[in-house]
Amino acid sequence: MADYESDTAFLGQKGPFFWTVFFLLNSIYISTGFTGFYIVFAGAVPPHRCHVPEVNLTDAWMEAAIPTQEVHGEVQKSTCSRYKLDVIRAYSDMGFVPGQDVNVTDIEQEPCLNGWVYSKDIYQSTIVTEWDLVCEDKWKVPFASSTLYMGYLLGSLISGQLSDRFGRKKVVFICLAGHFLCILIQSFSPTWVVFCILYFFVGAFQISLYVTSFVLGTEVLSKSMRVLFTTLGSFLHYCIGYMLLPLIAYFMRDWRPLLQILATMTVVYFPLWWYIPESPRWLVSQGRVEEAEAIVRDAAKRNRVTTPEVIFKSLEVDVASSNTRRYTMLDVLRTGNVRCITLLCLVLWMAVNIGYFGLSLNTSNLIGNPYLNCFLSAATEVPAYFVSTVLLKNCPRRHLLSTFLIAGGGFLLLIQLIPPSLYGLSLALEMVGKFGFTMLFTVVYMYTAEIYPTVMRNVGIGMCSSAARIGSITAPYIIYLGTFSKYLPYILMGSLTVGSSFVNLLLPETFGKQLPETLEEMQKCRVMRPLRRQKGCCLELGMRDKSVISTVTALSGVPNLASTAPAGSTE
5 MADYESDTAF LGQKGPFFWT VFFLLNSIYI STGFTGFYIV FAGAVPPHRC HVPEVNLTDA
65 WMEAAIPTQE VHGEVQKSTC SRYKLDVIRA YSDMGFVPGQ DVNVTDIEQE PCLNGWVYSK
125 DIYQSTIVTE WDLVCEDKWK VPFASSTLYM GYLLGSLISG QLSDRFGRKK VVFICLAGHF
185 LCILIQSFSP TWVVFCILYF FVGAFQISLY VTSFVLGTEV LSKSMRVLFT TLGSFLHYCI
245 GYMLLPLIAY FMRDWRPLLQ ILATMTVVYF PLWWYIPESP RWLVSQGRVE EAEAIVRDAA
305 KRNRVTTPEV IFKSLEVDVA SSNTRRYTML DVLRTGNVRC ITLLCLVLWM AVNIGYFGLS
365 LNTSNLIGNP YLNCFLSAAT EVPAYFVSTV LLKNCPRRHL LSTFLIAGGG FLLLIQLIPP
425 SLYGLSLALE MVGKFGFTML FTVVYMYTAE IYPTVMRNVG IGMCSSAARI GSITAPYIIY
485 LGTFSKYLPY ILMGSLTVGS SFVNLLLPET FGKQLPETLE EMQKCRVMRP LRRQKGCCLE
545 LGMRDKSVIS TVTALSGVPN LASTAPAGST E
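Numbering (my numbering), first residue to last: 5 to 575.
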């Protein structure tokens, strides 16, 4: 295929057409910011204790009915047990005084047979208070969070193939409709099981919407606008929705109305169908050159530039017309260097997702106002997007990734060294870590989109995104480990992130290069030796590099795909 960017260079780098697509696509990301983290409030665990019926109990025995326990060095009322009600009722009837006539700690304990009493100081209702997801059932809260990311896994796997087959635009708006319906129906969930099932589909539609919109914008916009779209565009608008979420949740503290409001806010995007175009790159790759030319001519008209008689060269038309092959995940895995690049991207995406989602979901567990903590976590992303925009325009991708991985993970490791009395410093370090992971998210999306060719870009990003969902699924459980040791989640997230900072050094550099259009162009870019200068597109995969990849493979638990590609083979 001829160079698409050269053929459409007459459109310029900016103009009304590009700005219209830029803002319309970005507006969609606000809705994903709304819904990405509503589980932080819908699944929050308020302070609670066993319910103790007041029948025949004095005030003293009502107060003494709940045993105390030490949690993270603090003495608190037990949340999962009480002293046997029959025993303390008998003592109360006999006029005994707890602590004077009776040693309360000698009384046998029992579980919360009459349910729990939940504080309503912050939340009026959550799924935890409605279905008693505490004590023996507290595992259901991180599981509910994980179902969203399980849906991300499915959506990432199928959205790429669907949009490569049926078009970016169609998949975007189908996902918008599914996103709206699933959240709305979820707000009427009668049980925890139904909530989780619907949350799974919310995740599938949401990530499909995100990834496909990202690819659509990457392919429609010019080279300079593409950088803006992937930083100050999609991610910043996502952050706007993320920041508005705690504001909406603050005024709507019942989880059902909260979800209903978030669902209805998606409806406003449906009319955008008539204003957002299909990707001309995708149309050309499918042999639908006339439709692609019509979109490009309309873009030229809006940008007030002259359109050449023939936009796409005859060679491109012939190749596109004969290109009826549908690329799938098997095509990505079939080629040696492509499969090695994908494996390395898989590890990077897993590490970034664990850190980013782990810190984002942890805001409700931090000391202080959960709404303010969530807002600060979201607001931290704003400067990160501005900084990453400047850096992406001027810096090589691999160096950026290593720097941000070390910075983000390093600050998380430092948290365990801060004394408990300096809570403000710990919070600051966590926000700095979130800052680093936010920039990582920006760079890794841009980097991956630049590595894969047009004919399989959506499949490639979808595969990497799917693998990253393994990290997202485990993130709630890593945060759950904080119930045993509040530093354990930070140690795990920090160590994994710092360790993965060396993986990206093996990937080919894409800074300053044209986007590849075909699989053949990507095959020329091989996995690199990190300490050698690049010659041509990139260097061959050497035995030392295959050894490093084998180590990464063993750590990630993925079959060693690199070992099947002999050094120097082009496959």
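Backbone N, C-alpha and C fix where the C-beta goes; we use that ideal spot for every residue, glycine too.
- Under the three-state reduction of DSSP output, V79 falls in the strand class.
- DSSP, reduced to helix, strand and coil, places Y484 within a helical segment of the structure shown.
- Per DSSP, the unbroken beta strand (DSSP E) holding C54 starts and ends at H52 to C54.
- In this structure the segment 153-164 touches the segment 190-208; the number of beta carbon pairs closer than 8 Å is three or more.
- Contact between F239 and T222 fails: their C-beta atoms lie close to 13 Å from each other, not under 8 Å.
- Here F45 is near A253, since their CB atoms are less than 8 Å apart.
- The Cβ-Cβ distance between Y122 and L262 does not fall below 8 Å.
- Membership of R285 in the alpha helix (DSSP H) is indicated by the continuous run P284 to S289.
- With fewer than 16 other Cβ atoms from the protein chains shown falling within 10 Å of its own Cβ, Q518 counts as exposed.
- F218 has its alpha-carbon roughly 10 Å from the corresponding atom of R172.
- For V386, the three-state secondary structure derived from DSSP is helix.
- Per DSSP, V108 lies in no beta strand (DSSP E) segment and is marked neither H nor E.
- Straight-line spacing of the CA atoms in Y95 and S85 works out to 19 Å.
- Excluding residues up to 5 positions away in sequence, G164, V215, V219, T452, A453 and Y456 lie with their Cβ nearer than 7 Å to the Cβ of I465 in the same chain.
- Cβ contact annotation for T130 (same chain, cutoff 8 Å, sequence separation greater than five): F45, A46, G47, A48, V49, P50 and W259, in chain order.
- M98 has its alpha-carbon roughly 17 Å from the corresponding atom of D110.
- Taken in chain order, the complete alpha helix (DSSP H) segments of 4 residues or longer contained in the segment 226-264 are 227-232 and 238-255.
- In the DSSP assignment, the residues bridged to V121 are R53.
- For P146, the uninterrupted alpha helix (DSSP H) segment begins and ends at K144 to F170.
- S31 sits in a helix when the DSSP states are folded into three classes.
- Exclusion of the five residues before and after M435 leaves T384 as the residues of its chain whose Cβ lies within less than 6 Å of its Cβ.
- Burial state of I477 is buried, judged by a 10 Å Cβ sphere holding 16 or more other Cβ atoms.
- For Y279, the closest of E9, D11 and L28 by C-alpha to C-alpha distance is L28.
- Membership of Q527 in the alpha helix (DSSP H) is indicated by the continuous run L523 to Q527.
- Sorting H52, G340, L266 and N369 by C-alpha distance to the C-alpha of L137 places H52 at the top.
- Collapsing the DSSP output to three states places Q190 in a helix.
- Just so you know, the alpha carbons of F192 and L266 end up roughly 14 Å apart.
- In this structure, the CA atom of E114 is about 12 Å from the CA atom of H55.
- Around the beta carbon of R473, 16 or more other beta carbons lie within 10 angstroms, which makes this residue buried.
- R230 and W286 have their alpha carbons spaced roughly 16 Å apart.
- Using a Cβ-Cβ distance cut-off of 8 Å, the segment 384-403 and the segment 478-494 are not in contact, since fewer than three pairs of beta carbons, one from each stretch, lie closer than that value.
- Between I358 and L500, the CB-CB gap stays under 8 Å.
- Each residue's CA atom was taken as its position, placing R402 and L523 some 22 Å apart.
- When secondary structure is reduced to three states using DSSP, R473 falls in the helix class.
- When secondary structure is reduced to three states using DSSP, P512 falls in the coil class, being assigned neither helix nor strand.
- Look at T478 here: in three-state DSSP terms it is helix.
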